[in-house]
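Read the structure below first, then the notes.
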Amino acid sequence: MWCCHRCNQNKDNNFEIDNSQVEYEESFKDKIHTSSKNYQEIEKPKMIHPEFESVLTKLRFNNGIIASDDERIKYIIETCGLDRDALNEERKTIIDDFIKVISDKELKNESISETLQELMNDFKKQEKEFIALRYWMLKNYKSLVEAR
């Protein structure tokens, strides 16, 4: 799951699984990184591995509050503390500012493509916060503006 270093630290040792834990044989220690996907399929971890599974299409943000219908994503949101009030407020501000810019451009009959391009460029900056939110905003900008 895309989250900042601070939120990622909240995972700590919270790696619950829905199946039985795989016992690693000594001979597999050299292959552990290439075997991860197989072990994930066996153990069925609640924590999603972002290299094997995308969560972006399963997220939604209502007034900045992150949510999902997917049980594993709900587990990540809770475990990593991604629903903290401060984060919800920051995300709401980002959404509101974005909607205002898009709405103003539409009222003036100006092109919004430059604003959308800026948002896309933000995705390339790994140090930029709230990348998942920005992706969601880009995919849902029409409905965001229409809802206001």
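Residue 34 in this note's numbering sits at position 47 of the sequence shown; the count goes up by one each step and never skips. Backbone N, C-alpha and C define an ideal beta-carbon position, used for all residues, glycine too. As the structure is a computational prediction, the values presented were derived from the model and not from experiment.
(message) Is there a C-beta anywhere in chain C that falls below 8 Å from the one on E40?
(response) You won't find chain C in this structure, because it holds only one protein chain.
(message) Here's the rule I'm using: 16 or more other beta-carbon atoms within 10 Å means buried, otherwise exposed. How should R78 be labelled?
(response) Locating residue 78 in the sequence shown gives position 91, where the first residue counts as 1. That one is buried.
(request) Put N49 into one of helix, strand or coil per three-state DSSP. (result) Walking along the sequence shown from the start, residue 49 turns up at place 62. Strand, per DSSP.
(request) Report, in whole angstroms, the separation of the C-beta atoms of M107 and L125, which I expect to be a contact under 8 Å. (result) One-based indexing of the sequence shown puts residue 107 at position 120. One-based indexing of the sequence shown puts residue 125 at position 138. In this structure M107 is in contact with L125, their Cβ atoms being roughly 7 Å apart against a cut-off of 8 Å.
(request) In angstroms with no decimal places, state the Cα-to-Cα distance between E116 and E38. (result) Here the question's residue 116 lines up with position 129 in the sequence shown. Here the question's residue 38 lines up with position 51 in the sequence shown. Using only the alpha carbons, I get a separation of about 19 Å.
(request) Just the C-alpha distance for W123 and E30, rounded to the nearest angstrom, thanks. (result) As a first step, residue 123 must be located in the sequence shown, where it is residue number 136. As a first step, residue 30 must be located in the sequence shown, where it is residue number 43. Cα to Cα, the separation comes out at about 30 Å.
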